[in-house]
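Chains as they are written, first to last, in the UniProt record's numbering: chain F, 1 to 165; chain C, 1 to 332.
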């Protein structure tokens with residue numbers, strides 16, 4: 001569905017530190033092999049809440065792991081950005097809501113701007129306020145994100161008019 | 001190439017939805033029940049405005065018209081609704097002949113006739129919603145009701161004010177309006193209140209509200225052309241503001257569609273150059289007073305901050321001139 005949740009730069013599910021969400025009866029942790037320690041730290045905080053952990057290798061395993069979980073399970077993801085997007089998308093496809101997800105990404109996040117001149121998203125530096133699109137248009141990176149367009153709005157501007165050369 | 005220079009304005013002031021009721025303006029929940037529930041209106045500018053709209057739709061189809069493939073049933077519902085309204089209100093201008101699913105729609109103003117099979121989009125030159133909308137000068141936005149929110153699933157927009165059918169498609173009501181400094185005099189979140197209000201609209205009981213803005217020598221400012229119109233705003237001076245700056249009024253109407261349960265937003269946009277405000281002294285006085293009192297945040301949000309002072313200065317000079325003339329008449 002076009003308005004299904006997506007993982008993007010400012011997703012509400014993103015966190016700097018994983019912490020147990022209350023009101024869930026079980027935890028299901030999916031992590032990259034390299035970040036097993038993060039998963040173990042979370043498990044230590046879960047006390048009596050039962051948990052399962054899956055080391056991410058491929059989307060098919062993730063799907064099977066998610067489908068097997070019961071209602072009332074909270075999903076925790078610890079992975080690099082690309083893997084986290086794959087796991088997140090698979091979870092959403094299987095009906096998991098953002099309330100049932102918590103995501104910690106390791107390393108660089110990815111951010112995309114959607115050019116309002118050529119209608120194409122492109123990856124940008126996460127700190128960039130102004131960028132030039134491949135089509136040549138200069139863009140101010142706006143605060144609005146579109147799930148349909150898969151990027152933050154890029155308002156076209158004339159550099160000379162704004163004193164940017 | 002399509003020109004954005006305004007070549008039309010409201011000429012029949014009785015049809016201009018003047019927006020101000022008091023001498024200062026703040027955002028408020030000003031929704032009221034629609035008295036004439038038929039959305040079709042034929043103004044003196046009908047043909048000019050419809051032709052301009054069609055030109056924009058043809059030149060920038062991706063910018064001006066957006067729909068999701070799953071909306072086809074709602075599109076036919078819209079077509080049926082507006083065509084029947086047109087025929088009911090203006091039988092001399094429009095005809096709809098139904099022979100089972102074989103329908104013929106006639107627009108006698110534009111001298112056009114189209115026969116099609118209701119329910120079969122391949123029998124129309126455009127998608128049903130797009131085709132039907134091209135016979136009326138308004139913008140049409142269809143928002144589908146899911147849970148307690150509305151999602152923009154079809155948009156035909158030719159008179160945008162910081163809006164884009166292309167960009168906003170698929171967005172919820174909250175996403176389209178946020179984050180903006182929308183609070184009432186009491187500090188309430190107006191967008192939330194309006195959304196809740198829309199949830200309660202019943203079929204057959206449409207509502208309306210008036211939105212306003214100023215436009216600097218354009219009839220629409222969308223995101224796609226921001227690099228063009230943004231620098232142009234600084235070209236407004238007190239000397240040219242009377243001709244180039246228009247009071248842009250958007251009469252919004254909200255209809256609950258009985259079959260799909262979606263909300264149809266109908267936006268009738270009309271323009272009046274500042275110099276024409278003198279044709280009604282009360283309108284001139286109210287506009288001058290309101291524009292002097294616009295808070296900075298509101299001016300920024302509306303995109304009028306770069307030429308608001310010049311517009312106010314133009315009105316001040318006219319006001320001074322009018323008062324001097326009145327004084328001289330008195331003395332004479």
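Cβ atoms here follow ideal geometry from the backbone N, Cα and C, with glycine treated the same way.
Membership of residue 229 of chain C in the alpha helix (DSSP H) is indicated by the continuous run 226-232.
C-alpha of residue 40 of chain F to C-alpha of residue 161 of chain F: approximately 54 Å in a straight line. Rounded to the nearest whole angstrom, the C-alpha separation of residue 305 of chain C and residue 16 of chain C is 24 Å. Here the alpha carbon of residue 94 of chain C sits roughly 30 Å from the alpha carbon of residue 164 of chain C. Short of 6 Å from the beta carbon of residue 247 of chain C, and not among the five residues preceding or following it, lie these beta carbons of its own chain, in chain order: 272. By the Cβ test, the stretch 137-157 of chain C is in contact with the stretch 258-272 of chain C, since at least three Cβ pairs between them sit closer than 8 Å. Restricting attention to alpha helix (DSSP H) runs no shorter than 4 residues, the stretch 113-192 of chain C encloses them at 128-133, 165-168, 173-177, ordered along the chain.
Remark: C-beta atoms of residue 252 of chain C and residue 208 of chain C approach each other more closely than 8 Å. Rounded to the nearest angstrom, the Cβ distance from residue 258 of chain C to residue 203 of chain C is 4 Å, consistent with a contact under 8 Å. With contacts defined by Cβ atoms closer than 8 Å, residue 131 of chain F and residue 113 of chain F form a contacting pair.
Just so you know, the alpha carbons of residue 103 of chain C and residue 57 of chain C end up roughly 24 Å apart. For residue 321 of chain C, the enclosing alpha helix (DSSP H) stretches over residues 308-331. Straight across, the Cα-Cα distance linking residue 21 of chain F with residue 2 of chain F is about 27 Å.
For the stretch 60-84 of chain C, the beta-carbon criterion of a distance under 8 Å to any beta-carbon of chain F is satisfied by 62, 68. Going by beta carbons, residue 118 of chain F and residue 139 of chain F fall outside the 8 Å limit. Selection F:60, F:65, F:44, F:149 evaluated against residue 54 of chain F yields F:65 as nearest (Cα-Cα). Counting C-beta pairs with one atom in each stretch, the stretch 139-151 of chain F and the stretch 91-109 of chain F have fewer than three that are closer than 8 Å, which means they do not touch. Per DSSP, residue 288 of chain C is not a residue of any beta strand (DSSP E); the alpha helix (DSSP H) it occupies stretches across 281-292.
Identification of chain C residues near residue 58 of chain F by a Cβ-Cβ cut-off of 7 Å yields none; the smallest Cβ-Cβ distance measures about 30 Å.
In the three-state DSSP reduction, residue 90 of chain C falls in the coil class, being neither helix nor strand. Within the stretch 103-131 of chain F, the residues whose Cβ lies closer than 9 Å to any Cβ of chain C are, in chain order, 114, 116, 117, 119. Straight across, the Cα-Cα distance linking residue 284 of chain C with residue 320 of chain C is about 12 Å.
Each of C:113, C:44, C:130 was checked against the Cα of residue 75 of chain C, and the nearest Cα belongs to C:130. Of all residues in the stretch 140-162 of chain F, only 143, 144, 146, 147, 148, 149, 153, 155, 156, 157, 158, 161 come within less than 8 Å of chain C when Cβ atoms are compared, listed by chain position. A distance below 7 Å between beta-carbons, with the five flanking residues on each side excluded, links residue 70 of chain C to no residue of its chain. Under the three-state reduction of DSSP, residue 23 of chain F is assigned to coil, being neither helix nor strand.
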